[in-house]
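Trainee: Here it is: the structure, laid out below.
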Amino acid sequence: MGYKVVVAGATGNVGREMLNILAEREFPVDEIAVLASRRSLGTEVSFGDKTLKTQDLATFDFTGWDMALFAIGSDATKEYAPKAAAAGCVVIDNSSLYRYDPDVPLVVPEVNADAVLGYSKKNIIANPNCSTAQMVVALKPLHDRAKIKRVVVSTYQSVSGSGKEGMDELWDQTKSVYNPVTEVPPKKYPKQIAFNVIPHIDVFMEDGSTKDEWKMVAETKKIVDPSIKVTATCVRVPVFVGHAEAINIETEDFLDEDEARDILREAPGIMVVDKREDGGYVTPVECVGDFATFISRIRQDSTIENGLNFWCVSDNLRKGAALNAVQIAEVLGQKVLKKG
Ligand SMILES: NC(=O)c1ccc[n+]([C@@H]2O[C@H](COP(=O)([O-])OP(=O)(O)OC[C@H]3O[C@@H](n4cnc5c(N)ncnc54)[C@H](OP(=O)(O)O)[C@@H]3O)[C@@H](O)[C@H]2O)c1
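Those letters in the sequence shown? Residues 5 to 344, by my numbering.
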């Protein structure tokens, strides 16, 4: 016996990837419903070798469904997640709405799988921000060995992190640079994204940081350890899929770069590709469609006593969203619902 699974936002970047990953990982699905807004009613999406038709989330009855993987943005989540949860269906949510709610676990299974057990207060489990998910997978094993005191991270985030509209804007602007007959002014982003980089993701906070930077700080504390200090600069780059991060850590105990490399090689969810030669590292285009978080350029930071630098790359639609949500579903199945 398997699970009755709902995917809400099935026509979106993350929703489609959730369907791919449920099929790829042979998640025990007995029945599946794919939902989107009314405007997509009847749109066909693929699930393994099947084609499914989307239904309207607004009129869907969640009664009798085991779990719902949501990827529909915070506004729609606010309306529909409580309805699903009240009907007894456990919601695994990709939006930021519930991430900081003390009654909702925020889970990256390689780091804090047991936190899933706290789902029952609201029947909701939150998935972190895409840039946080890949970073904490790398931080956790290093923290367990040498206790991380401080993290300095700069991100290079792809446009798929802001949904279908972000990808369309990069595509259309890139074409318009070559063919200036059609001008494509910035709409989704505050400045031109084609052939440019933008140091601004999400809204500005009072202290001058942006909300995406704040999310990396708050979420790392909730998932890994509240004592870790994090400072982040989040940058949007003209890459379609795959987020990259330059990460610097300061640890309490000394950690040699070779030992760090060995620890990361053994850690779940991580693939180390670190050769000190041309191309001996991973870039975003190479991580697309992969499950792993790739770590390269591991080296000592000689400007502080106990410091390391490394480069971290992952498919943001996978580890940053859909894969992590499916991994949470797997843990929920194994530890709580116990079907399949
Ligand atoms: N992309 C990432 O890397 C990433 C990472 C982590 C978290 N997330 C989060 O995941 C969520 C989805 O992101 P995405 O990149 O997949 O966005 P997207 O490509 O723009 O897709 C949005 C999906 O939500 C559906 N939707 C929007 N409003 C709806 C409503 N009122 N009722 C029903 N369905 C509605 C859309 O349906 P229609 O097609 O019918 O409009 C579509 O299926 C967001 O909360 C985002 O913050 C994304």
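In this text, a Cβ means the ideal position worked out from N, Cα and C, and glycines have one as well.
(1) Go ahead and pull the three-state DSSP assignment for residue 240.
(2) Mapping the DSSP letters down to three states, classify residue 17 as helix, strand or coil.
(3) Flag residue 320 as yes when its Cβ comes closer than 6 Å to any non-hydrogen atom of ligand 1, and as no otherwise.
(4) Skipping 5 residues on each side, what residues in its chain have a beta carbon closer than 8 Å to that of residue 287?
(5) What is the DSSP secondary structure of residue 174, counted as helix, strand or coil?
(6) Relative to the C-alpha of residue 244, which candidate in 122, 171, 336, 37 has its C-alpha closest?
(7) If we count the other Cβ atoms within 10 Å of its Cβ and call it buried at 16 or more, is residue 90 buried or exposed?
(8) Could you tell me whether any non-hydrogen atom of ligand 1 is closer than 6 Å to the CB of residue 135?
(9) Among the residues of its own chain, which have a CB less than 7 Å from the CB of residue 192, if the five just before and after it don't count?
(10) Can you look up residue 168 in the DSSP assignment and give me helix, strand or coil?
(11) Look up residue 280 in the DSSP assignment and say whether it is helix, strand or coil.
(12) From which residue to which residue does the alpha helix (DSSP H) around residue 140 run?
(13) Would you report the Cα separation of residue 265 and residue 302, rounded to the nearest angstrom?
(14) What are the boundary residues of the alpha helix (DSSP H) that includes residue 88?
(15) My output table needs one value for residue 93: the three-state DSSP class, helix, strand or coil.
(16) Between the Cα of residue 200 and the Cα atoms of 100, 181, 139, 152, which residue gives the shortest distance?
(17) Would you report the Cα separation of residue 179 and residue 189, rounded to the nearest angstrom?
(18) Do residue 162 and residue 328 have their C-beta atoms within less than 7 Å of each other?
(19) In the DSSP assignment, what residue or residues form a beta bridge with residue 224?
(20) Any heavy atom of ligand 1 closer than 6 Å to the Cβ of residue 168?
(21) Please list the terminal residues of the continuous beta strand (DSSP E) segment that includes residue 304.
(22) Is any non-hydrogen atom of ligand 1 found closer than 6 Å to the C-beta of residue 43, if you look at the structure I gave you?
(23) Tell me whether residue 15 counts as near ligand 1, meaning its Cβ is closer than 6 Å to at least one heavy atom of that ligand.
(24) Please identify the residue among 79, 100, 26, 164 whose C-alpha is closest to the C-alpha of residue 242.
(25) Hey, residue 101 and residue 82: beta-carbon distance below 7 Å or not?
(26) Given the structure, does residue 122 come close to ligand 1, in the sense that its CB is under 6 Å from one of the ligand's heavy atoms?
(27) Give every residue of the same chain whose Cβ lies closer than 7 Å to the Cβ of residue 18, excluding the five residues on either side of it in the sequence, and list them in chain order.
(28) Could you round the C-beta distance between residue 46 and residue 54 to whole angstroms and report it? I think they count as a contact, below 8 Å.
(29) Taking the alpha carbon of residue 39 as the point to measure from, which residue in 62, 12, 32 has its own alpha carbon closest?
(30) Return the bridge partner residues of residue 316 from the DSSP annotation.
(31) Would the beta-carbon of residue 239 fall within 7 Å of that of residue 194?
(32) Apart from the five residues just before and just after residue 122, which ones in its own chain have a Cβ nearer than 7 Å to its Cβ?
(33) Note down, in chain order, each residue of its chain lying with its Cβ closer than 8 Å to the Cβ of residue 232, except the 5 sequence neighbours on either side.
(34) What's the C-alpha gap between residue 72 and residue 62?
Mentor: According to the structure shown:
(1) Working through the sequence shown from its first residue, we reach residue 240 at position 236. Note: residue 240 maps to strand in three-state DSSP.
(2) Indexing the sequence shown from 1 puts residue 17 at position 13. Helix, per DSSP.
(3) Counting from 1 along the sequence shown, the entry for residue 320 is found at position 316. Yes, the beta carbon of residue 320 sits closer than 6 Å to at least one heavy atom of ligand 1.
(4) In the sequence shown, residue 287 corresponds to position 283, counting from 1. So the list reads 246, 248, 317, once near-sequence residues are dropped.
(5) Locating residue 174 in the sequence shown gives position 170, where the first residue counts as 1. Here residue 174 sits in helix by DSSP.
(6) Taking the sequence shown and counting its residues from 1, the one referred to as residue 244 is at position 240. Comparing Cα positions, the closest option is 171.
(7) The residue labelled residue 90 in the question sits at position 86 within the sequence shown. Exposed: under 16 other Cβ atoms inside 10 Å.
(8) In the sequence shown, counting from the first residue as 1, residue 135 sits at position 131. Residue 135: no, Cβ never under 6 Å from ligand 1.
(9) Locating residue 192 in the sequence shown gives position 188, counting from the first residue. So the qualifying residues of the chain are 166, 169, 170, 173.
(10) Taking the first residue of the sequence shown as 1, we reach residue 168 at position 164. Helix, per DSSP.
(11) Counting from one through the sequence shown, the residue named residue 280 turns up at place 276. Of the three classes helix, strand and coil, the one that applies to residue 280 here is coil, per DSSP.
(12) Against the sequence shown, residue 140 aligns to sequence position 136. Here the alpha helix (DSSP H) through residue 140 covers 134-150.
(13) Working through the sequence shown from its first residue, we reach residue 265 at position 261. Working through the sequence shown from its first residue, we reach residue 302 at position 298. Distance between the alpha carbons of residue 265 and residue 302: 7 Å.
(14) Position 84 of the sequence shown, counted from the first residue, corresponds to residue 88. That run of the alpha helix (DSSP H) goes 78-90.
(15) Walking along the sequence shown from the start, residue 93 turns up at place 89. In the structure shown, residue 93 sits in coil (DSSP, three-state: anything other than H, G, I, E or B).
(16) The residue given as residue 200 occupies position 196 in the sequence shown. Comparing Cα-Cα distances from residue 200 to each of 100, 181, 139, 152, the minimum goes to 181.
(17) Taking the first residue of the sequence shown as 1, we reach residue 179 at position 175. Taking the first residue of the sequence shown as 1, we reach residue 189 at position 185. Those two C-alpha atoms are separated by around 12 Å.
(18) Along the sequence shown, one-based indexing puts residue 162 at 158. Along the sequence shown, one-based indexing puts residue 328 at 324. For residue 162 and residue 328, no; Cβs fall outside 7 Å.
(19) The residue given as residue 224 occupies position 220 in the sequence shown. Its beta-bridge partners do not exist; DSSP assigns none.
(20) As a working note, residue 168 is residue 164 in the sequence shown. True, at least one ligand heavy atom lies under 6 Å from that Cβ.
(21) Sequence index remark: in the sequence shown, residue 304 carries index 300 (1-based). 297-304 is the extent of the beta strand (DSSP E) around residue 304.
(22) For the purposes of this step, residue 43 is identified with residue 39 of the sequence shown, where counting begins at 1. At least one heavy atom of ligand 1 is nearer than 6 Å to the Cβ of residue 43, so yes.
(23) For the purposes of this step, residue 15 is identified with residue 11 of the sequence shown, where counting begins at 1. Yes, ligand 1 has a heavy atom inside 6 Å of this Cβ.
(24) The residue given as residue 242 occupies position 238 in the sequence shown. Checked all of 79, 100, 26, 164; the closest Cα to residue 242 is 164.
(25) For the purposes of this step, residue 101 is taken as residue 97 along the sequence shown, with counting starting at 1. For the purposes of this step, residue 82 is taken as residue 78 along the sequence shown, with counting starting at 1. Going by C-beta atoms, residue 101 is nearer than 7 Å to residue 82.
(26) One-based indexing of the sequence shown puts residue 122 at position 118. Residue 122: no, Cβ never under 6 Å from ligand 1.
(27) Numbered from 1 along the sequence shown, position 14 holds the residue referred to as residue 18. Same-chain partners within the cutoff: 75, 98, 321, 325, 326.
(28) Residue mapping note: residue 46 aligns to position 42 of the sequence shown, counting from 1. Residue mapping note: residue 54 aligns to position 50 of the sequence shown, counting from 1. 15 Å between Cβ atoms; not a contact.
(29) Reading the sequence shown from its first residue, position 35 is the one you call residue 39. That would be 12, whose Cα lies nearest to the Cα of residue 39.
(30) Working through the sequence shown from its first residue, we reach residue 316 at position 312. Paired residue(s): 249, 299.
(31) Here residue 239 refers to the residue found at position 235 of the sequence shown. Here residue 194 refers to the residue found at position 190 of the sequence shown. No, the pair does not count as a contact, with Cβ atoms beyond the cut-off.
(32) Numbered from 1 along the sequence shown, position 118 holds the residue referred to as residue 122. Once the five neighbours on either side are set aside, the close Cβ partners of residue 122 are 109.
(33) Residue 232 sits at position 228 when you count from the first residue of the sequence shown. Result list for residue 232: 143, 147, 152, 153, 154, 155, 224, 225, in chain order.
(34) Residue mapping note: residue 72 aligns to position 68 of the sequence shown, counting from 1. Residue mapping note: residue 62 aligns to position 58 of the sequence shown, counting from 1. Computed Cα separation, rounded: 14 Å.
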